[in-house]
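A.B. asks: Numbering-wise (our numbering), the sequence shown opens with residue 43 and increments by one.
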Amino acid sequence: MRFILTVSFLLLSISLHAQSYSGKVTAVKDGDTIEMLVNGKPLRVRLFGIDCPEKGQPFGEKARQYTAGLCFGQTVTAVQRSRDPYGRVVADVYLADKRFLNETLVKTGYAWHYKKFSNSPLLAAAEVKARRERKGLWKDARPVAPWDWRKRKTIKAS
Numbered sequence: 043m044r045f046i047l048t049v050s051f052l053l054l055s056i057s058l059h060a061q062s063y064s065g066k067v068t069a070v071k072d073g074d075t076i077e078m079l080v081n082g083k084p085l086r087v088r089l090f091g092i093d094c095p096e097k098g099q100p101f102g103e104k105a106r107q108y109t110a111g112l113c114f115g116q117t118v119t120a121v122q123r124s125r126d127p128y129g130r131v132v133a134d135v136y137l138a139d140k141r142f143l144n145e146t147l148v149k150t151g152y153a154w155h156y157k158k159f160s161n162s163p164l165l166a167a168a169e170v171k172a173r174r175e176r177k178g179l180w181k182d183a184r185p186v187a188p189w190d191w192r193k194r195k196t197i198k199a200s
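#1: Closest to P95 by C-alpha separation, out of R88, L89 and E103, would be which residue?
#2: How is E169 classed by DSSP in three states: helix, strand or coil?
#3: So what does DSSP say about K177, is it helix, strand or coil?
#4: Compare the beta carbon distance of R106 and K149 with 9 Å and say whether it is the shorter of the two.
#5: List the DSSP bridge partners of W191.
#6: With DSSP as the reference, identify every bridge partner of G65, one or two as the case may be.
#7: Pick helix, strand or coil for T196, following the three-state DSSP scheme.
#8: Report the option in A172, D134 and G82 whose CA atom is closest to the CA atom of Q122.
#9: Assign P163 to buried or exposed, taking buried as 16 or more other Cβ atoms, counted over all protein chains shown, within 10 Å of its Cβ.
#10: Cβ atoms of R86 and V131: under 9 Å apart, would you say?
#11: Round the Cβ separation of A183 and W154 to the nearest angstrom and send it over; I've been treating them as touching at under 8 Å.
Now the structure itself:
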C-alpha cells in the first residue's frame with residue numbers, strides 16, 4: 043500500500059509540473075508539427091505519440107492540410123512530454139473545443155500511432171478503428187509507415 047501511495051504521489055507531482063503552452067497556431071509544418079505563438083515567440087511543437095506521412099509521401103500533404111484545417115489560426119494548448127533532438131517541444135495538443143489533436147489525426151487516418159515512443163491505449167485503439175474503417179491513408183492498399191519511408195530515403199541518398 044505504501045508503494046502505491048508513493049508512486050501515486052510521484053506521478054501526481056510530475057503531472058503538476060508538466061509545462062503547458064497556450065498560443066495561436068501560426069504554421070503547420072507537416073501533419074504532426076505545428077508552430078505556435080506563445081508570449082510573442084514562436085514555439086515549434088511535435089505531436090507526441092503519432093507520426094504522419096512525410097512531405098512527398100502519399101497522404102503527406104493531405105495530413106498537413108487536415109491538421110491545418112483543425113488548428114491553423116486557432117488557440118491551442120500543448121502539454122509538453124519532452125523535447126526532441128531538434129529542440130522541438132514534444133506534446134499532447136488540445137484544440138480550443140478540447141479535442142485531443144494527436145488522437146484526432148490517428149482516428150481520421152492521417153497518422154500512425156508511433157509505438158516506438160508511445161504505449162497509449164487511446165492512440166492504439168484509434169489506429170485499429172481507422173484501419174478497420176479504411177479511413178485516410180488506410181484506403182491505400184499498402185501504406186508505408188513514415189519511419190520506413192524516411193529509412194528508404196536515407197538509403198537512396200547514400
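Even for Gly, the Cβ is constructed at its ideal location relative to N, Cα and C.
C.D. replies: So, from the listed chains and residues:
#1: E103 is the residue among R88, L89 and E103 whose C-alpha sits nearest the C-alpha of P95.
#2: Under the three-state reduction of DSSP output, E169 falls in the helix class.
#3: In the displayed model, K177 falls within coil according to three-state DSSP, outside both helix and strand.
#4: Not closer than 9 Å, so no.
#5: Checking the DSSP bridge columns, you'll see W191 has no partner listed.
#6: DSSP output for G65 lists V118 as bridge partner(s).
#7: Helix, per DSSP.
#8: It is D134 whose Cα lies nearest to the Cα of Q122.
#9: Counting Cβ neighbours within 10 Å, P163 comes out exposed, since fewer than 16 surround it.
#10: Yes, they are a contact pair.
#11: Cβ-Cβ separation between A183 and W154: approximately 16 Å, too far for a contact (criterion under 8 Å).
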